[in-house]
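Position one of the sequence shown corresponds to residue 1 (full-length UniProt numbering), numbered consecutively onward. This report concerns only the one structure given below.
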Amino acid sequence: MRRMTDLVYLNGYPPHVLERVSAMLSEGTLAPWLAQRYPEKHSVQTDKALYDFAIELKQRYLKNAAPLAKVLFDNQMVLAGGTLGTNTFAARVQGGNLKRKNEIRIASLFRQAPPEFLRMIVVHELAHLKEKDHNKAFYQLCSHMEPDYHQLEFDLRLWLTLR
């Protein structure tokens, strides 16, 4: 049986949830449960496809947000710190103009993820265009763009635990 301290992606969840996940891991039922719930793989495999995917969501929900300069899969992203994606912002003065540049990088692990998890990560990073902190407004925006956001976040943590 896995120790609950091994469930690093589930830190902060109540003990009864951790016990249930630990039991599913030791019984071997977590992987089949996730595979049944999320049977498909997405077709977004290139940085260009990821950019198009993110821009489509941005246009639908965040038309007035700052533009995106880049969206790409990052092979260097280490999941050890819990970072699954990043949103970087740079402001530079060029001549008399202030240039803003927003970049989203998604861990390359998500090339093999179910489409729901990729969408959840992209929604999360897009929400940072409007809300920099993980506050109530941030999570409301995430839930507006993806109504099942909180369930998908939890299921993604389960998927990462299996990996």
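Idealized CB from N, CA, C, for every residue including glycine. Here the structure is a predicted model, which is why all the values come from computation and not from measurement.
Original post:
Can you name the start and end residues of the beta strand (DSSP E) that D74 belongs to?
Top reply: The residue you call residue 74 lines up with position 74 of the sequence shown. Counted as a single uninterrupted DSSP element, the beta strand (DSSP E) harbouring D74 occupies residues L68 to D74.
Subject >> Touching by the beta-carbon criterion (3+ pairs, under 8 Å), the region 154 to 162 and the region 136 to 146 >> reply: No contact exists between the region 154 to 162 and the region 136 to 146.
Subject >> For A65 and A80, the rounded distance between their alpha carbons >> reply: The count along the sequence shown starts at 1 and reaches residue 80 at position 80. The count along the sequence shown starts at 1 and reaches residue 65 at position 65. For A80, the predicted structure reports a pLDDT of 48, less than 50, and the residue's modelled location is therefore unreliable. A value from the coordinates is still provided. Their Cα atoms are separated by approximately 30 Å.
Original post:
Near L34, what residues of its chain come up, given a Cβ to Cβ distance below 8 Å and the 5 sequence neighbours on each side ignored?
Top reply: What you label residue 34 is simply residue 34 of the sequence shown in a count that begins at 1. Taking C-beta separations shorter than 8 Å and ignoring five residues to either side along the sequence, the partners of L34 in its chain run D155, L158, W159 and L162, following chain order.
Subject >> Simplified DSSP state of K48, which is helix, strand or coil >> reply: As a working mapping, residue 48 is identified with position 48 in the sequence shown. The answer is helix: DSSP assigns K48 an H, G or I state.
Original post:
Around the Cβ of R119, are there at least 16 other Cβ atoms within 10 angstroms (buried) or fewer (exposed)?
Top reply: Along the sequence shown, read from residue 1 onward, the residue named residue 119 stands at position 119. R119 sits buried, since 16 or more C-beta atoms from the chains shown fall within 10 Å of its C-beta.
Subject >> Counterpart residues of N11 in DSSP-defined beta bridges >> reply: As a working note, residue 11 is residue 11 in the sequence shown. Listed as beta-bridge partners of N11 by DSSP are no residues whatsoever.
Original post:
What residues in its chain sit with their C-beta under 7 Å from that of R2, if we drop five residues either side in the sequence?
Top reply: Position 2 of the sequence shown, counting from 1, holds the residue named residue 2. Legend: pLDDT at R2 = 46, less than 50; position of this residue unreliable, value from coordinates given subsequently. Hits under 7 Å: S22, L25 and S26.
Original post:
Between which two residues does the alpha helix (DSSP H) containing Q36 stretch?
Top reply: What you label residue 36 is simply residue 36 of the sequence shown in a count that begins at 1. Start and end: L30 to R37.
Subject >> Residue interval of the alpha helix (DSSP H) (run including D155) >> reply: Indexing the sequence shown from 1 puts residue 155 at position 155. For D155, the enclosing alpha helix (DSSP H) begins and ends at Y149 to L162.
Original post:
How close, in whole Å, do the beta carbons of L57 and V71 come, if the pair is a contact with beta carbons under 8 Å?
Top reply: As a first step, residue 57 must be located in the sequence shown, where it is residue number 57. As a first step, residue 71 must be located in the sequence shown, where it is residue number 71. Not a contact, Cβ separation roughly 10 Å.
Original post:
Taking just the CA atoms, how far does L68 sit from I55?
Top reply: If you number the sequence shown from 1, residue 55 lands on position 55. If you number the sequence shown from 1, residue 68 lands on position 68. Rounded to the nearest whole angstrom, the C-alpha separation of I55 and L68 is 8 Å.
Subject >> CA-to-CA distance, V8 to V44, given in whole angstroms >> reply: To locate residue 44, count along the sequence shown from 1; it is residue 44. To locate residue 8, count along the sequence shown from 1; it is residue 8. Taking the straight line from one Cα to the other gives about 27 Å.
**OP:** Can you grab the Cα-Cα spacing for the pair E153 / G95, in whole Å?
**Re:** Translated into the one-based positions of the sequence shown, residue 153 becomes position 153. Translated into the one-based positions of the sequence shown, residue 95 becomes position 95. Each residue's Cα considered, the two are about 43 Å apart.
Original post:
Taking DSSP as the reference, what is the three-state secondary structure of S43?
Top reply: Within the sequence shown, the letter at position 43 stands for residue 43. Residue state, collapsed to three classes: coil.
Original post:
Cα separation between L111 and R20?
Top reply: Translated into the one-based positions of the sequence shown, residue 111 becomes position 111. Translated into the one-based positions of the sequence shown, residue 20 becomes position 20. A small fix is needed here, since residue 111 is Arg in this sequence, not Leu. Between R111 and R20, the C-alpha separation is close to 28 Å.
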